[in-house]
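**Student:** Going from the sequence shown to my numbering is simple: count from 1 and add 2.
After the structure tokens below, expect a handful of questions from me.
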Amino acid sequence: MLDRLAVTPAQYRRVAYITLASLTIIVLTGAAVRLTDSGLGCENWPKCGGTPLPPLSSHALIEFGNRAVSGIVGVVTVIAAVLAFTRRPYRRDLAILALLLPLGVVAQAVLGGFTVLNHLAPGFVMAHFGLSLLILVAAFALAWKSTSEPGTRPRSTDRGAVWSVRGLLPLGALTIFAGTAATAAGPHSGGFTGQIVHRLHFKGAATLEWTIHQHATIAAIFGVAVIGVWYLQRRRGASAQELEPLTVLGVLLAAQGLVGSVQYELKLPSEMVWVHVSLATFTWLTTLWVVAAAGRLAPRAVEVPAGERNAASRELELAGRVD
Numbered sequence: 003m004l005d006r007l008a009v010t011p012a013q014y015r016r017v018a019y020i021t022l023a024s025l026t027i028i029v030l031t032g033a034a035v036r037l038t039d040s041g042l043g044c045e046n047w048p049k050c051g052g053t054p055l056p057p058l059s060s061h062a063l064i065e066f067g068n069r070a071v072s073g074i075v076g077v078v079t080v081i082a083a084v085l086a087f088t089r090r091p092y093r094r095d096l097a098i099l100a101l102l103l104p105l106g107v108v109a110q111a112v113l114g115g116f117t118v119l120n121h122l123a124p125g126f127v128m129a130h131f132g133l134s135l136l137i138l139v140a141a142f143a144l145a146w147k148s149t150s151e152p153g154t155r156p157r158s159t160d161r162g163a164v165w166s167v168r169g170l171l172p173l174g175a176l177t178i179f180a181g182t183a184a185t186a187a188g189p190h191s192g193g194f195t196g197q198i199v200h201r202l203h204f205k206g207a208a209t210l211e212w213t214i215h216q217h218a219t220i221a222a223i224f225g226v227a228v229i230g231v232w233y234l235q236r237r238r239g240a241s242a243q244e245l246e247p248l249t250v251l252g253v254l255l256a257a258q259g260l261v262g263s264v265q266y267e268l269k270l271p272s273e274m275v276w277v278h279v280s281l282a283t284f285t286w287l288t289t290l291w292v293v294a295a296a297g298r299l300a301p302r303a304v305e306v307p308a309g310e311r312n313a314a315s316r317e318l319e320l321a322g323r324v325d
């Protein structure tokens with residue numbers, strides 16, 4: 003049976019990218035659920051209102067629709083996992099990454115259930131989004147690795163350049179985490195009128211302003227770091243394949259800054275917040291692309307002491323005379 007499901011590397015590459023796209027879409031639809039105040043459209047889980055089908059209300063239909071889309075995405079990840087084992091030639095690294103995806107979707111479903119049962123408590127909502135980004139790391143790695151065979155990508159010997167690029171990853175993650183905190187303190191709780199949903203309130207009435215300013219500061223540092231790394235890479239003769247994702251990341255961050263400023267001045271309209279969250283998701287994927295394009299480091303050359311080199315040379319010379 004597995005032979006009948008065998009796929010070529012090119013076919014599996016398409017499967018991997020479809021899986022990455024589907025997991026990205028579910029992040030965007032999940033944000034839409036919250037920003038349409040439909041997070042508690044189904045106040046229990048896994049059923050909706052105590053029945054398998056949702057009540058005929060817009061909030062319930064939106065929330066239930068997102069759950070249905072999540073189910074479809076789950077099926078896609080299972081297919082990707084199965085085909086990773088039938089890919090010819092078989093690659094263990096792809097199989098491990100592919101297995102992480104359905105496990106991640108299951109974990110998301112369980113965490114989503116707890117999030118609903120805890121009435122969209124900010125910590126659960128932030129964890130829910132954070133787990134989505136971790137799943138995207140595995141999905142991106144699967145898609146990226148499926149585009150080439152092991153050992154075919156050149157390794158870099160410029161350790162400074164590679165590590166400067168890798169340093170952008172935790173900075174990008176911190177920027178997005180600060181953004182989720184700002185959203186958790188903002189007006190879009192995910193619940194509709196009459197529902198009680200707690201918000202981040204650790205600084206009282208000043209919490210929203212404080213988190214927004216911290217997020218903006220960290221994002222600005224991230225943007226400056228990206229410009230600095232881009233300049234460093236160019237000075238060190240980086241290829242177009244290495245500079246392209248850095249350029250895209252810089253453009254996305256500029257767009258994010260513009261959208262963030264506009265939404266702040268407009269008092270955080272839900273449509274603008276959704277655009278901001280969507281751009282954050284693509285910014286995260288682009289950050290992963292930047293790190294992947296920088297490549298892996300070549301092993302350090304082992305320096306042999308001069309005395310040992312001379313001794314080895316004499317032994318080889320004597321061996322040659324004996325022969």
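For each residue, glycine too, the CB sits at the ideal point set by N, CA and C.
This one's a predicted model, so the numbers in the text were calculated from it and none came from an experiment.
1) Roughly how many whole angstroms lie between the Cα atoms of A242 and R201?
2) Note down the Cα distance separating V250 from T288, rounded to an integer number of angstroms.
3) Counting Cβ pairs closer than 8 Å, one from the segment 6-25 and one from the segment 116-129, do we hit at least three?
4) Does the segment 102-114 touch the segment 136-152, meaning 3 or more C-beta pairs lie closer than 8 Å?
5) Alpha carbon to alpha carbon, how far is G297 from L119?
6) CB-CB under 8 Å to A256, same chain, minus the five flanking residues each way: which ones, in chain order?
7) State whether the segment 274-290 contacts the segment 23-43, with contact taken as three or more CB pairs (one from each stretch) at a distance under 8 Å.
8) Looking at the secondary structure, which residues open and close the alpha helix (DSSP H) in which F204 lies?
9) Is G174 buried or exposed, if buried means 16 or more other CB atoms sit within 10 Å of its CB?
10) Is there contact here, the segment 260-272 with the segment 145-155, by at least three beta-carbon pairs under 8 Å?
11) Nearest-angstrom Cα distance between I81 and W286?
12) Does the distance from the C-beta atom of Q235 to that of L248 stay below 9 Å?
13) If you draw a straight line from the alpha carbon of V75 to that of I27, how long is it in whole angstroms?
14) Reducing DSSP to helix, strand and coil, say where S158 ends up.
15) Identify the residues that DSSP records as bridge partners of R89: which are they?
16) Assuming T283 is part of the alpha helix (DSSP H), what are its boundary residues?
17) Tell me the residue span of the alpha helix (DSSP H) that contains E151.
18) Does DSSP put L122 in a helix, a strand or coil?
19) Is the beta carbon of T79 closer than 9 Å to that of S24?
20) Can you tell me whether E244 is buried or exposed? The criterion is at least 16 other CB atoms within 10 Å of its CB, across all chains shown.
21) Run through DSSP, which three-state label would L234 get?
22) Per DSSP, which one or two residues make a beta bridge with L299?
23) Please classify Y233: is it buried, with 16 or more other beta-carbons within 10 angstroms of its beta-carbon, or exposed?
24) Against chain B, with Cβ distances strictly below 9 Å, would Y233 count as a contact?
25) Nearest-angstrom Cα distance between L85 and A109?
26) Are the CB atoms of E65 and L42 within a distance shorter than 9 Å?
**Tutor:** In short:
1) Answer to the nearest angstrom: the Cα atoms are 45 Å apart.
2) Approximately 7 Å between the Cα atoms of the pair.
3) Touching, no, given that fewer than three Cβ pairs across the two stretches are closer than 8 Å.
4) Result yes; three or more Cβ-Cβ pairs closer than 8 Å.
5) G297 and L119: Cα-Cα distance of roughly 43 Å.
6) Around A256: G225.
7) As far as the Cβ criterion goes, the segment 274-290 touches the segment 23-43, which means the pair count is three or higher.
8) Here F204 belongs to no alpha helix (DSSP H), and DSSP marks it neither H nor E.
9) Residue burial annotation: G174 is buried, with at least 16 other C-beta atoms found within 10 angstroms of its C-beta.
10) Contact between the segment 260-272 and the segment 145-155 is absent, because fewer than three Cβ pairs lie under 8 Å.
11) Approximately 25 Å between the Cα atoms of the pair.
12) The answer is yes: Cβ separation under 9 Å.
13) Between V75 and I27, the C-alpha separation is close to 9 Å.
14) Reduced to three states, the DSSP call for S158 is strand.
15) Its beta-bridge partners are V9.
16) If you look at T283, you'll find it in the alpha helix (DSSP H) that goes 272-296.
17) Per DSSP, E151 lies in no alpha helix (DSSP H) segment and is marked neither H nor E.
18) DSSP places L122 outside both helix and strand once states are collapsed to three, so it counts as coil.
19) Cβ atoms of S24 and T79: closer than 9 Å.
20) With 16 or more other Cβ atoms within 10 Å, it is buried.
21) Three-state result, L234: helix.
22) DSSP output for L299 lists S158 as bridge partner(s).
23) When all chains shown are included, Y233 counts as exposed.
24) Here chain B cannot be found, since the structure has a single protein chain.
25) Between the alpha carbons of L85 and A109 lies a distance of about 21 Å.
26) Yes, the pair counts as a contact, with Cβ atoms nearer than the cut-off.
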